[in-house]
Amino acid sequence: MSYLHIVNHPLAGDCLRILRNRETGVRDFRDAMNKLGLIMAVEATGNLKYTVETVVTPLDTGADCPHVRDSKILLVPVLRAGLGFLDSFLEILPAARVAHIGISRDHDTLEARAYLDTVPDDAGDFDHVYILDPMLATGNSSVKTLELITGKGYDPARITLVCAVAVKRGVEQVHGKFPAVRIITAVLDPALNDKAYIVPGLGDAGDRLYLI
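The sequence shown begins at 117 in our numbering and counts up by one.
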């Protein structure tokens with residue numbers, strides 16, 4: 117099993133075209149992030165657990181269909197930018213539970229610090245956890261998030277990190293400490309600049325979603 121999946125879909129690429137463009141305004145940026153989030157949600161949930169339920173069709177015939185218990189899914193958007201994917205995931209997993217983790221980054225040391233954690237303590241209530249964080253740069257914020265979640269007993273093999281843009285350094289940082297965590301991204305960019313921003317990237321996703 118590959119623990120890094122890059123979504124190769126023309127509609128995902130079209131969303132990235134809008135997100136990367138520095139001329140894109142906040143409304144179009146949000147729309148593109150939401151559309152990309154839907155694509156990522158479908159890709160990310162392809163290995164969900166399900167039971168088989170028989171329903172009767174209008175032709176009075178039984179049909180066996182998958183039944184996903186989305187109430188056993190936990191979505192964890194990492195503030196702020198992770199909120200850009202949240203509504204997309206809730207559209208296809210409307211009964212999923214939502215917890216929030218807030219991570220701030222020291223711009224000098226790049227150290228990640230948690231300021232909010234509402235992840236439930238009872239890991240047994242959930243079949244899978246989706247961490248929503250559009251930018252995987254150094255990996256420091258993702259590792260801190262994973263440390264908080266796995267510290268409460270959640271199995272790394274049941275955690276998926278969903279990103280819009282990632283770089284190799286961040287992927288290696290996460291998999292160096294949590295090799296069983298699955299990472300799904302729309303693109304793997306080549307580098308970070310001297311301020312640890314992804315290049316070419318799309319800028320600060322949180323700022324572009326909520327401040328500009």
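For every residue, glycine included, the Cβ atom is placed at its ideal position computed from N, Cα and C.
These numbers come from a predicted model, not from an experiment.
- A residue is called buried once 16 or more other Cβ atoms fall within 10 Å of its Cβ, and aspartate 180, having fewer, is exposed.
- For tyrosine 326, the three-state secondary structure derived from DSSP is helix.
- In the three-state DSSP reduction, arginine 136 falls in the helix class (H, G or I).
- For alanine 215, no pairing in a beta bridge is given by DSSP.
- Excluding sequence positions up to five before and after leucine 308, its CB lies within less than 8 angstroms of the CB of Ala253, Thr254, Val283, Arg285, Ile314, Val315, all in the same chain and listed in chain order.
- By the C-beta density criterion, asparagine 124 is exposed, having fewer than 16 other C-beta atoms within 10 angstroms.
- Going by beta carbons, glycine 141 and alanine 321 fall outside the 8 angstroms limit.
- In this structure, the beta-carbon distance from phenylalanine 145 to leucine 325 falls below 8 angstroms.
- Each residue's CA atom was taken as its position, placing alanine 239 and asparagine 256 some 23 angstroms apart.
- Exposure of valine 171 is indicated by the presence of fewer than 16 other C-beta atoms within 10 angstroms of its C-beta.
- Here DSSP, grouped into helix, strand and coil, assigns proline 295 to coil.
- It is roughly 18 angstroms from the alpha-carbon of valine 290 to the alpha-carbon of glycine 269.
- The beta carbons of leucine 264 and isoleucine 217 sit closer together than 8 angstroms.
- Judged by beta-carbon spacing, leucine 248 lies beyond the 8 angstroms limit of glycine 319, meaning their Cβ atoms are not closer than that value.
- Membership of leucine 264 in any beta strand (DSSP E) is not indicated; the residue belongs instead to the alpha helix (DSSP H) covering 256-266.
- Remark: C-beta atoms of threonine 276 and arginine 298 approach each other more closely than 8 angstroms.
- Within 10 angstroms of the beta-carbon of proline 236 lie fewer than 16 other beta-carbons, which makes it exposed.
- Proline 250 and tyrosine 119 do not touch by the CB rule: their CB atoms are close to 19 angstroms apart, not below 8 angstroms.
- Within the same chain, and ignoring the five residues on either side of arginine 221 in sequence, the residues whose Cβ sits closer than 6 angstroms to its Cβ are Ala228.
- Only buried fits proline 193, as 16 or more other CB atoms lie within 10 angstroms of its CB.
- Boundaries of the alpha helix (DSSP H) around alanine 160: 142-160.
- According to DSSP, arginine 221 shares a beta bridge with Ala228.
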